[in-house]
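All remarks here apply to the structure that follows.
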Amino acid sequence: MAESKEILGQLQPVLNHLQTLPYPHVPNPEGCKKRASVAVIIRVRPAFQPTQTPNESLVNLDNDDSHSSDIDEFFAKPWVQEGEPEVLFIKRAGRAGDRWSGHIALPGGKRDPEDESDRAAAVRETREEVGLDLSVPECLEAGNLPERIVATTFGRVPLMVLCPYIFLYTSKTTPTLKPSPDEVASVHWVPLRALLSPKLRTREYVDTASRMAKQGGPVLQFILRLLVGRMMLSAVKLVPSESVYATSVPGFVPTEGESLFSGLAEGAFGIPSSNKGLAHLQPLMLWGLTLGVLADFLDMLPPYNAVKLWRYPTFTPPDLRAFVWAFTYSMRKNNAHDLSAGTWPYRNRRRRASQTAMDATSFASAVTEGEPTKMSSKEGVGIEGSGIGNPQDSVGRLLEGYYHRMNLAIVAFLTYRTAAGSVIVYYLWKMWKRRQARL
């Protein structure tokens, strides 16, 4: 696992590169007007030092907290070189009917008409959600990550264009965060070491039957849930170094007669559990769209390897997993080979800066012509808006075409289950007839 000094050594050139060569703007596809922005906020936590007197602080250069005008000046400071780089995450508040309820996310939200730019939306949303002002001199904008078209389950309908921006907080002391209880249940600083650790990779289990059979009613959804089980998505278990909770949310401290497990029980029946029965003490799981955004960034920091650490979505029933594996085998093998070989233009941006500039122009033209929209609606871009419809990012390329083949695997699996069930019913009926004949 990478140590903090190794990560810091890679982080500085990565941020410089992203600041110098920003990713191109992606226009909204036809019929989709929404845009949203998120902020990837990075800080460096200073190493432990005993509390000093005011006189000692004046002569100790390690306590230098002067304003940094650029990225290189910030990383040259002694306390930064010995520190721990971290990223800020939020856990969304529980709200009935909100599909993102209780999810781990990055600060951000929908762009409003009064926002002058996508970046301005990220700054405003961060200030409103967690009380952190990204427009102060202590905060440097450090480029962006690939903008992506987010679609519904399996990419049938584009929902919005998501724009991630990177900010580097250069102050030694980060202002106290104040999560808005209406939107945010808690805020967490997580070390980059934890995000890069293979030991913290896991799976998130998601019930997708209600969305796969949305128009079929509760009976069809129940049957489909029995057949396909739950979807297994790649996830990271977060290990925060510091957390701030919105303690005013209902249920933060259980009241008399309230079960400590009520949050889990209610969550199983579709009621948001993030503000119920000590749910804030449950494990923090990073998955879906937010993990996809972070994967683009982490993929630039050795020793992270998207091919080795990313686990393709599948389902809990073993026989359905076998169908999905068989239907997607050749595609996964080819995508992994291309990504590892560096043949995708955006996989090695740091080593191919001149090529990147040309590719960015080409991609912007392709977006204008509507090609990504065609791809996202045909190929499928994920569950719960977790998919990525752009060819710039590594996870998006790993998933390109995957959901289309998964759909075929599900159809084949349901056909197989129906045929097998019919045969079993037929033989049970024959056995019953023979028994009746003997009587």
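Residue numbers are given in the UniProt record's numbering: position 111 of the sequence shown equals residue 111, and the series is strictly consecutive.
Heads up, the beta-carbon is just placed ideally off N, CA and C, and yes, glycines get one too.
Kindly indicate which three-state DSSP category residue i falls into: helix, strand or coil?
{"i": "Met331", "result": "helix"}
{"i": "Lys91", "result": "strand"}
{"i": "Arg311", "result": "coil"}
{"i": "His404", "result": "helix"}
{"i": "Asn28", "result": "coil"}
{"i": "Leu177", "result": "coil"}
{"i": "Tyr23", "result": "coil"}
{"i": "Val249", "result": "coil"}
{"i": "Met431", "result": "helix"}
{"i": "Lys33", "result": "coil"}
{"i": "Lys110", "result": "strand"}
{"i": "residue 464", "result": "This structure gives no information on residue 464, because the portion of the chain shown stretches from 1 to 439."}
{"i": "Ala336", "result": "helix"}
{"i": "Lys77", "result": "coil"}
{"i": "Gly229", "result": "coil"}
{"i": "Leu414", "result": "helix"}
{"i": "His17", "result": "helix"}
I'd like to confirm the pairing. Which residues does DSSP put opposite residue i in its beta bridges?
{"i": "Ala151", "result": "Pro158"}
{"i": "Ile41", "result": "Phe167"}
{"i": "Cys139", "result": "Tyr169"}
{"i": "Ser243", "result": "His188"}
{"i": "residue 469", "result": "Because the chain spans 1 through 439 in this model, residue 469 falls outside it and cannot be assessed."}
{"i": "Thr202", "result": "Ala235"}
{"i": "Pro85", "result": "Val44"}
{"i": "Gly217", "result": "BP columns for Gly217 are empty, so no partner."}
{"i": "Gly144", "result": "Correcting the residue type first, residue 144 is Asn in the shown sequence and not Gly. Paired residue(s): Tyr165."}
{"i": "Ala105", "result": "Ile90"}
Under 7 Å Cβ to Cβ from residue i, same chain only, skipping five residues before and after it: list those, please.
{"i": "Ile104", "result": "Phe89, Lys91, Leu238, Leu284, Met285, Leu286 and Thr290"}
{"i": "Glu138", "result": "His67, Tyr169, Thr170 and Ser171"}
{"i": "Ala39", "result": "Leu106, Pro107, Gly108, Ala122, Thr126, Leu134, Tyr165 and Phe167"}
{"i": "Lys77", "result": "Asp64"}
{"i": "Pro175", "result": "Leu132"}
{"i": "Glu128", "result": "Ser180"}
{"i": "Arg417", "result": "Leu227"}
{"i": "residue 441", "result": "As shown, the chain starts at 1 and ends at 439. That puts residue 441 outside it, with no answer to give."}
{"i": "Gly217", "result": "none"}
{"i": "Phe297", "result": "Val40 and Leu145"}
Give me the Cβ distance between residue i and residue j, rounded to the nearest whole Å; I'm assuming they're in contact under 8 Å.
{"i": "Arg397", "j": "Asn334", "result": "With a Cβ gap of about 11 Å, Arg397 and Asn334 do not count as contacting."}
{"i": "Val184", "j": "Val130", "result": "6 Å"}
{"i": "Leu233", "j": "Glu204", "result": "5 Å"}
{"i": "Val236", "j": "Arg201", "result": "6 Å"}
{"i": "Phe327", "j": "Ala409", "result": "4 Å"}
{"i": "Arg124", "j": "Asp118", "result": "Between Asp118 and Arg124 the Cβ distance is about 11 Å, and since that is not below 8 Å, they are no contact."}
{"i": "Pro313", "j": "Ser241", "result": "Wrong, their Cβ atoms sit about 30 Å apart, outside the cutoff."}
Can you list, in chain order, the residues of its chain with a C-beta nearer than 8 Å to that of residue i? Leave out the 5 residues immediately preceding and following it.
{"i": "residue 444", "result": "As shown, the chain starts at 1 and ends at 439. That puts residue 444 outside it, with no answer to give."}
Report the residue from the options whose alpha carbon sits nearest the alpha carbon of residue i.
{"i": "Ile42", "options": "His188, Lys34 and Glu183", "result": "His188"}
{"i": "Val150", "options": "Glu242, Arg35, Ser248 and Gly251", "result": "Arg35"}
{"i": "Ser197", "options": "Glu183, Glu82, Trp310 and Gly217", "result": "Trp310"}
{"i": "Val324", "options": "Met231, Asp296 and Gln282", "result": "Met231"}
{"i": "Val293", "options": "Leu21, Pro146 and Met300", "result": "Pro146"}
{"i": "Val244", "options": "Lys178, Gly83 and Gly94", "result": "Lys178"}
{"i": "Gly143", "options": "Ala326, Gln436, Pro24 and Leu408", "result": "Pro24"}
{"i": "Leu140", "options": "Ser69, Ser117 and Arg201", "result": "Ser69"}
{"i": "Phe252", "options": "Pro240, Gln282, Arg405 and Leu320", "result": "Gln282"}
{"i": "Glu84", "options": "Leu224, Pro22, Leu159 and Lys5", "result": "Lys5"}
{"i": "Phe74", "options": "Pro22, Arg45 and Pro50", "result": "Arg45"}
{"i": "Arg321", "options": "Ile424, Arg438 and Met406", "result": "Met406"}
{"i": "Tyr329", "options": "Phe297, Gly288 and Gly401", "result": "Gly401"}
{"i": "Gln81", "options": "Thr51, Val136 and Gln10", "result": "Gln10"}
{"i": "Leu414", "options": "Ile7, Ala93 and Leu224", "result": "Leu224"}
{"i": "Gly31", "options": "Leu159, Gln436, Arg211 and Ala295", "result": "Leu159"}
{"i": "Ala295", "options": "Gln52, Gln19 and Val87", "result": "Val87"}
Chain B beta carbons: is any one of them nearer than 7 Å to that of residue i?
{"i": "Val38", "result": "Absent from the structure is chain B; it holds one protein chain and no more."}
Counting only the same chain and skipping the five closest in sequence on each side, list residues whose C-beta sits under 6 Å from that of residue i.
{"i": "Pro181", "result": "Ala246, Ser248 and Val249"}
{"i": "Ala412", "result": "Phe323"}
{"i": "Pro317", "result": "Gly229"}
{"i": "Leu162", "result": "Ala36, Arg148 and Val150"}
{"i": "Val14", "result": "Met300"}
{"i": "Asn16", "result": "Ile71"}
{"i": "Ala209", "result": "Gln221, Leu224 and Arg225"}
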